[in-house]
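Colleague:
Residue numbers (the numbering used here): 16 to 663.
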């Protein structure tokens, strides 16, 4: 807001980030990243993908890069590089036409001889200008046009290396030209001493006191001066590289006629050679293809080539595709220069998003140095996924608490009369007491069914849960990879926040099985691997249950195929398709061991293979377990609901 008298005008906030801008939605950013991570991207790749896409209406790096390339294409599509040659040709034509008109009005032999000289001029522009250097023009108009050629060439050559020289030297006097030559001589001497390893601090200060008006950028030392000049000299060389061989030869020839003195071209050639030796890393061999209609002079074309180089560098910074790339590498001034203030604000918003994600502790370094989601980030992702799953099961009918548990229960300290179907242990003292009291009433039977009281039990308050998830290639191939990870994430979050006394282990099984942490599972990439080693998974699940003998044992198995691998005693995994008798025996034997632990086992079978469904039904009947065939979208809800049912 700016005050103008008693009136106020309003405009965009330009003094840094807008203080009234909405805060960054970190939850939305984390949800987007979480989806990418669960699809197989690394956290670093997911973060980069988020930055490429953008967030909350802010352009991402991809869109900004596209606009940079569009600006680059427009620059090449609308312009061409031969403006100086075209202008010199036009001035040469004017000079020759004016001279021939003046000679046509003279009937003398000298006039005819001069006409013959003009007719014998080389066909190329550079050669013609060179031959006319010693020609004595009869026409003042022709002489003026020719002098303008020399003046134009000198100013264009200097404009290539020194900003603003074309305008500053318009109508230059011999004294002005001599001062430029003196500056070039001093500059070449300064660079030569610097290249020789000498301390040029004092000489640089003296040079700037004497010639500082040629350098409005205000370099502070010799290296900054070299950087400035080398960038422009390299752009001038790329300009020459972009011309045809004929055009390049013409310009080289014309350069010798700058200000009518070849010493300027020689000084500039010496300067270019020193700069190339001092800054070999500049792009001296590049070129650009310009195909537009707008002719540019040498100075303007060199600036265009320099801008192309800047756009290329900015596009590389925005692409973040080189090793060790960081958002801090992006030159905000260059972004504003080429994409405007709004582009700068968009990049600053992305930088702020990345900083805030890191400041919030949503990333951490793994032991191998790679970036991974932190436990805090996993909790936030788990909360989001669990909310979605709860919405799915929220309408389901609840179940009352079941206190008629079997062997998986714990005594409450109370007893109750036996009812048909009860399998709990008898409370012998209460049963004998009831029988004695009954006989005191005259009933002489030693024991009656009405005397029996059983130990009342309730579901244990702790559960040891093993979630075994199939990570064979078919899970990736058939689109079951992300639902499987979301299921694990939701169950882990539910247990860690609502049932903290429960102990959950996550077991993945492909050719081999192994226990993994949640972060490792979420970041797990699908790999081509044959084998569904359910035997090994059940073995690890049993080991987890045995570590928690006082907890209710629960095993959830998510798979889309029959077991096709088993573990030999030496740890070697044997794969065979179709399922071999050895694999089947090993799997069933381990399932029987879990059944002996009175574990509640549920198979979540994905896909619609009738053979697989029949096989899993057989396993479930053997272990008195359950088979659930959920849809992909309903997998998480089914697993969470089954856990809650078993828990109750």
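Using N, Cα and C, we set each Cβ at its ideal position, and we do this for glycine too.
These numbers come from a predicted model, not from an experiment.
When we look at the beta-carbon of residue 650 and count the other beta-carbons within 10 Å, is it buried (16 or more) or exposed?
Modeller: Its Cβ being crowded by 16 or more others within 10 Å, residue 650 is buried.
Colleague: Counting Cβ pairs, one atom from each stretch, are 3 or more of them under 8 Å apart for the region 307-324 and the region 219-235?
Modeller: With a cut-off of 8 Å, the region 219-235 and the region 307-324 do not count as touching, because too few Cβ pairs lie within range.
Colleague: Can you grab the Cα-Cα spacing for the pair residue 95 / residue 213, in whole Å?
Modeller: Looking at the two C-alpha atoms, the distance is approximately 42 Å.
Colleague: Determine the extent of the alpha helix (DSSP H) in which residue 282 is found, giving its start and end residues.
Modeller: Its alpha helix (DSSP H) spans residues 278-293.
Colleague: Since residue 361 and residue 74 should fall inside the 8 Å C-beta cutoff, what is the C-beta to C-beta distance between them, to a whole number of angstroms?
Modeller: Confirmed, about 5 Å.
Colleague: I'd like to know whether the C-beta atoms of residue 202 and residue 248 end up nearer to each other than 8 Å.
Modeller: No; because the gap between Cβ atoms is not below 8 Å, this pair is not in contact.
Colleague: Can the beta-carbon of residue 564 be found less than 8 Å from the beta-carbon of residue 613?
Modeller: In this structure, residue 613 does not lie closer than 8 Å to residue 564 by Cβ.
Colleague: Can you find at least 3 beta carbon pairs, one from the region 542-558 and one from the region 602-616, that sit closer than 8 Å?
Modeller: As far as the Cβ criterion goes, the region 542-558 touches the region 602-616, which means the pair count is three or higher.
Colleague: Which residue comes first and which comes last in the beta strand (DSSP E) that contains residue 578?
Modeller: Looking at the DSSP string, residue 578 is not in any beta strand (DSSP E), and its letter there is neither H nor E.
Colleague: Are the region 243-262 and the region 294-303 touching, with three or more C-beta to C-beta distances below 8 Å?
Modeller: Touching, yes.
Colleague: Would you kindly report the start and end of the unbroken alpha helix (DSSP H) that includes residue 617?
Modeller: Note, residue 617: premise wrong, no alpha helix (DSSP H); beta strand (DSSP E) at 615-620.
Colleague: Given a threshold of 16 other Cβ atoms within 10 Å of its Cβ, counted over all protein chains shown, does residue 440 qualify as buried or as exposed?
Modeller: It is exposed - the Cβ of residue 440 has fewer than 16 other Cβ atoms within 10 Å.
Colleague: Quick check on the DSSP output: the beta strand (DSSP E) that includes residue 518 runs from which residue to which?
Modeller: It spans 518-524 - the beta strand (DSSP E) in which residue 518 sits, taken as one unbroken run.
Colleague: Less than 8 Å separating the beta-carbons of residue 448 and residue 571?
Modeller: Going by C-beta atoms, residue 448 is not nearer than 8 Å to residue 571.
Colleague: Using only the alpha-carbon positions, how far apart do residue 644 and residue 627 sit?
Modeller: Taking the straight line from one Cα to the other gives about 11 Å.
Colleague: Give me, in chain order, the residues of the same chain whose beta-carbon lies closer than 6 Å to that of residue 69; leave out the 5 immediate sequence neighbours on both sides.
Modeller: Counting only Cβ-Cβ distances below 6 Å, and skipping sequence neighbours, we find 75.
Colleague: Going by other Cβ atoms of all chains shown within 10 Å of its Cβ, with 16 needed for buried, is residue 215 buried or exposed?
Modeller: With 16 or more other Cβ atoms within 10 Å, it is buried.
Colleague: With DSSP as the reference, label residue 87 as helix, strand or coil.
Modeller: Here residue 87 sits in helix by DSSP.
Colleague: In or out: residue 496 buried (at least 16 other Cβ within 10 Å) or exposed?
Modeller: By the 10 Å Cβ count, residue 496 comes out buried.
Colleague: What separation, rounded to the nearest whole angstrom, lies between the Cα atoms of residue 219 and residue 205?
Modeller: One C-alpha to the other measures close to 7 Å.
Colleague: Using the rule of at least 16 other Cβ atoms within 10 Å of the residue's Cβ for burial, across every protein chain shown, is residue 225 buried or exposed?
Modeller: Exposed is the call here.
Colleague: Are the beta-carbon atoms of residue 83 and residue 353 separated by less than 8 Å?
Modeller: Yes, they are a contact pair.
Colleague: Straight-line CA distance for residue 421 to residue 578?
Modeller: Summary for residue 421: the model assigns pLDDT 35, below 50, so the residue's position carries little reliability; its value from the coordinates is reported in the next sentence. Computed Cα separation, rounded: 31 Å.
Colleague: How about the region 275-288 and the region 124-141: do they share at least three Cβ pairs that are nearer than 8 Å?
Modeller: With the cut-off at 8 Å, the region 275-288 and the region 124-141 do not touch.
Colleague: If residue 174 sits next to residue 246, beta carbons under 8 Å apart, how far is it from one beta carbon to the other, in whole angstroms?
Modeller: Actually they are not in contact, since the Cβ atoms of residue 174 and residue 246 sit about 15 Å apart, beyond 8 Å.
Colleague: For residue 581, is the classification buried or exposed, using 16 other Cβ atoms within 10 angstroms of its Cβ as the cut-off for buried?
Modeller: So residue 581 counts as buried.
Colleague: Look at residue 484 and residue 442 and say whether their C-beta atoms are less than 8 Å apart.
Modeller: In this structure, residue 442 does not lie closer than 8 Å to residue 484 by Cβ.
Colleague: Please state the DSSP three-state secondary structure of residue 459.
Modeller: Coil.
Colleague: For residue 115, which residues in the same chain have their Cβ closer than 8 Å to its Cβ, ignoring the five residues on either side in sequence?
Modeller: Answer for residue 115: 130 and 133, listed in chain order.
Colleague: Curious, which full-length beta strand (DSSP E) runs of at least 3 residues does the region 588-613 contain?
Modeller: Qualifying beta strand (DSSP E) stretches, in chain order: 588-590.
Colleague: When the Cα atoms are used, what is the spatial distance from residue 104 to residue 66?
Modeller: Approximately 51 Å, taken between the alpha carbons.
Colleague: Have a look at residue 638 and residue 553 and give me their C-alpha separation to the nearest angstrom.
Modeller: Answer to the nearest angstrom: the Cα atoms are 13 Å apart.
Colleague: Report the rounded CA-to-CA distance for residue 413 versus residue 616, giving the unit in angstroms.
Modeller: For residue 413, the predicted structure reports a pLDDT of 42, less than 50, and the residue's modelled location is therefore unreliable. A value from the coordinates is still provided. Rounded to whole angstroms, residue 413 to residue 616 spans 21 Å at the Cα level.
Colleague: Can you name the residues that DSSP bridges to residue 666?
Modeller: Given a span of 16 to 663 for the chain in the structure shown, any question on residue 666 remains unanswerable.
Colleague: CB residue 210 to CB residue 293, shorter than 8 Å?
Modeller: In contact: residue 210 and residue 293 (Cβ atoms closer than 8 Å).
Colleague: Under the three-state reduction of DSSP, which class applies to residue 331: helix, strand or coil?
Modeller: Residue state, collapsed to three classes: helix.
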